[in-house]
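Sequential numbering from -13 applies to the sequence shown in this note's numbering.
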Amino acid sequence: MFRKSIDIALVALLIIGSLDMAGVVVFTNRPVDVAAMPAEQLLVVQTDSPQTPPLSADDASTNSSSTAPKGIFPIVKTKNNIKIELLRIELSAGFLYADICFEFPSDNPAWSLGGPDNLKLSNGVAEIGVYSIEMIPDPQTGLLKKDQDGKYVGRCDRVGFPLTDGFVLENLKLSIGKLVTDLPDSPDCNKVQAKLDSKNSGIKIKCVNELGKSGIEVVLKPKGMDDVQAQKFITESLTESVEGLWEFEIGIP
């Protein structure tokens, strides 16, 4: 299960009615937050001492930890004028951890690296989706990065990938497909409807805020459009995104 220490909005569907007049209710809620790691645990001192890399996840000791040497990091990639930095990697307890800082495309604190379909570790043969994302608090603000005007400009995260049996730790690449914003807790239906109209989706919605349920309900959609397509339109209208690809070639210490 994908774990994330920042807020995640969950989407559930309620299918009602006929094919051309179905209701799709998008519910948003917050799970219990996973406590962020203390800053002193996130800042690992890099070392110049040579270490022998494990050939595969099977060879990595569950009690050992190794960090890439100085001089390699940071690795910086820029796409669509958005800079992302890979600060360091670490092998620990069957996981590969990476510290990543990225710029926000807009003054919106909800920007994130996305989930396991978007943030991946690969070796040319197999892929592993991200399992955990924990925010590294900014030393100045204590959370997100801000500029001198108080606008949100970025954040840093420690991301973790579980090393599955037989996953060879060679030719590794860490890839970020796009930056996305999390689903809002309280959607602005007027803005969502405006986006749906701009895409000529033919979908009409209304906000639901009743005891036991809240979110967006589809009151009309084109004949022949299934509920999966309607959900996709709504989700895209609820969020922002900037396409990558940001790709980092990494070595194991």
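Using N, Cα and C, we set each Cβ at its ideal position, and we do this for glycine too.
Candidates the options: closest to residue i by CA position
i	options	result
LEU206	SER200, ALA216 and LEU197	ALA216
ILE75	ILE58, ASP124, ASN66 and CYS193	ILE58
PHE90	PRO125, ALA79 and ILE68	ILE68
LYS185	SER223, THR167 and CYS193	SER223
PRO123	ASP135, GLN134 and ASP143	ASP143
LEU149	LYS199, GLU233 and TYR117	TYR117
SER172	VAL111, ILE162 and GLY201	GLY201
LEU99	CYS87, SER92 and VAL214	CYS87
GLU233	ILE162, PHE147, GLY210 and ALA79	ILE162
PRO95	GLY230, LEU231, GLU226 and GLU235	GLU226
ASP174	CYS193, LYS132 and VAL228	CYS193
ASP151	LEU129, GLU113, ASP93 and ASN66	GLU113
GLY210	ILE189, THR221, LYS199 and GLU229	ILE189
ASP103	ASP93, TRP97, GLY115 and PRO60	GLY115
VAL111	ILE70, ILE220 and VAL154	VAL154
LEU169	ILE70, ALA79, LYS218 and PHE147	LYS218
Delimiting residues of the beta strand (DSSP E) encompassing residue i
i	result
LYS192	190 to 196
SER108	105 to 108
LYS164	158 to 167
LEU206	199 to 206
The ligand NAP heavy atom lying under 7 Å from the CB of residue i
i	result
LEU130	As far as ligands go, the structure on display features none, and thus does not contain the ligand NAP.
Host alpha helix (DSSP H) of residue i (start-end)
i	result
PHE219	213 to 224
LYS137	Where LYS137 is concerned, there is no enclosing alpha helix (DSSP H), given that its DSSP letter is neither H nor E.
ASN66	That residue, ASN66, is in no alpha helix (DSSP H); it is neither H nor E in DSSP.
GLN179	175 to 184
Residue environment, residue i, which counts as buried when at least 16 other CB atoms sit within 10 Å
i	result
THR127	exposed
VAL145	buried
SER187	buried
ALA84	buried
GLY237	exposed
GLU196	exposed
GLU120	buried
VAL62	exposed
VAL204	buried
THR167	buried
LEU72	buried
LEU82	buried
LEU77	buried
LEU182	buried
LEU165	buried
LEU231	exposed
ASP135	exposed
Counterpart residues of residue i in DSSP-defined beta bridges
i	result
CYS87	GLU71 and CYS142
ILE58	None, per the DSSP bridge assignment.
VAL228	LEU165
SER98	VAL166
SER172	The partner list for SER172 (beta bridge, DSSP) is empty, contrary to what the question assumes.
SER92	None, per the DSSP bridge assignment.
LYS234	The question names Lys, but residue 234 is Phe in the sequence shown. PHE234 pairs with LEU160.
VAL111	Answer is none; VAL111 lacks a bridge partner.
LYS209	Answer is none; LYS209 lacks a bridge partner.
CB contact check: residue i to chain D, cutoff 8 Å
i	result
ASP135	Here there is only one protein chain, and chain D is not present.
For the stretch 172 to 191 and the stretch 136 to 147, state whether three or more C-beta atom pairs, one from each stretch, are separated by less than 8 Å. Note that the stretch 172 to 191 does not touch the stretch 136 to 147; fewer than 3 beta-carbon pairs, one per stretch, sit closer than 8 Å.
When you compare the stretch 152 to 160 with the stretch 107 to 121, are there three or more beta-carbon pairs, one atom per stretch, that lie closer than 8 Å? Contact between the stretch 152 to 160 and the stretch 107 to 121 is present, because at least three Cβ pairs lie under 8 Å.
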